[in-house]
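A quick write-up on the structure given underneath.
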Amino acid sequence: MNRILICLVICVLISNLAFAKKFEDKEKPAWAKKDIRDFNDADMERLLEQWEEDDEPLEPDELPEHLRPPPSIDMSSVDPSNPENILKQSKKGRTLMSFVSVNGNPTRQETEDITKLWQTSLWNNHIQAERYLIDDNRAIFMFKDGAQAWEAKDFLVDQERCLHVSIENKEYKGKHNRDEL
1 MNRILICLVI
11 CVLISNLAFA
21 KKFEDKEKPA
31 WAKKDIRDFN
41 DADMERLLEQ
51 WEEDDEPLEP
61 DELPEHLRPP
71 PSIDMSSVDP
81 SNPENILKQS
91 KKGRTLMSFV
101 SVNGNPTRQE
111 TEDITKLWQT
121 SLWNNHIQAE
131 RYLIDDNRAI
141 FMFKDGAQAW
151 EAKDFLVDQE
161 RCLHVSIENK
171 EYKGKHNRDE
181 L
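Residue numbering for the sequence shown follows the UniProt record's numbering, beginning at 1 and increasing consecutively.
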């Protein structure tokens, strides 16, 4: 019984190897006949497409951000009189940057210290923001979840040293600001 089973398995393996599809030289496309060292970018792209053609598609949360489907907005729960809520919901799960200016005439180090304090306060409130200085009195706060940008804006405009916050090309003036924009 064991001999018959072993013989059957060997026959199946041999037949698999004998009938496996292998391109003949005359059947190969011209780019596939080249030496791998001579491949250009287009050839490498074709090779990658051929490699990935049988792969299963990625889950939506595994896709790069620009290929993810946009979040669905439930318009029945949205207040049409408040356009910021619509923007907030449309940016949920998307990266968003806001620009924050510090009032007065701060040095780069002062701006660094002030914005670092603001960033720490935001993190303590579970709002994840990365901070990048772009000028002596200006910084970018980048939010991985864009909906958090409006919560951060509410916090930032309440700060004494905040001149203004800009989100989606709309500026929000700091409440303690005596300077003109």
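All C-beta atoms, glycine included, are put in the ideal place defined by N, C-alpha and C.
Of all the beta strand (DSSP E) runs that stay within the bounds of the stretch 80–139, which reach a length of 3 or more residues?
96–102 and 129–135, all fully within the stretch 80–139.
What does a CB cutoff of less than 7 Å around M1 pick up in its chain, not counting 5 residues either side in sequence?
If we look at M1 and ignore the five residues flanking it on each side, it has no Cβ neighbours.
In whole angstroms, what is the alpha-carbon distance linking Q128 and Q148?
Cα to Cα, Q128 sits roughly 8 Å from Q148.
So what does DSSP say about L8, is it helix, strand or coil?
L8 falls in the helix class under three-state DSSP.
Would you list the one or two residues that DSSP bridges to M142?
Paired residues: M97 and E130.
Just the Cα atoms here: how many angstroms apart are E84 and R37?
Going by the C-alpha atoms only, they are around 54 Å apart.
Checking the sheet assignment: what are the DSSP bridge partners for E171?
Looking at the DSSP assignment, E171 forms a beta bridge with S166.
Mapping DSSP to helix, strand and coil, what is D154?
The answer is helix: DSSP assigns D154 an H, G or I state.
Note down the Cα distance separating N103 from R161, rounded to an integer number of angstroms.
Those two C-alpha atoms are separated by around 5 Å.
Mapping DSSP to helix, strand and coil, what is F39?
Here F39 sits in coil by DSSP.
Would you mind giving the Cβ-Cβ distance between P57 and P69, rounded to the nearest angstrom? I have them listed as a contact below 8 Å.
Not a contact, Cβ separation roughly 12 Å.
Less than 6 Å between C-beta atoms, sequence neighbours within five positions excluded: which residues of the same chain meet that for F131?
First, the residue type needs correcting, since residue 131 is Arg and not Phe in the sequence shown. Correct list, in chain order: T115, Q119, A139 and F141.
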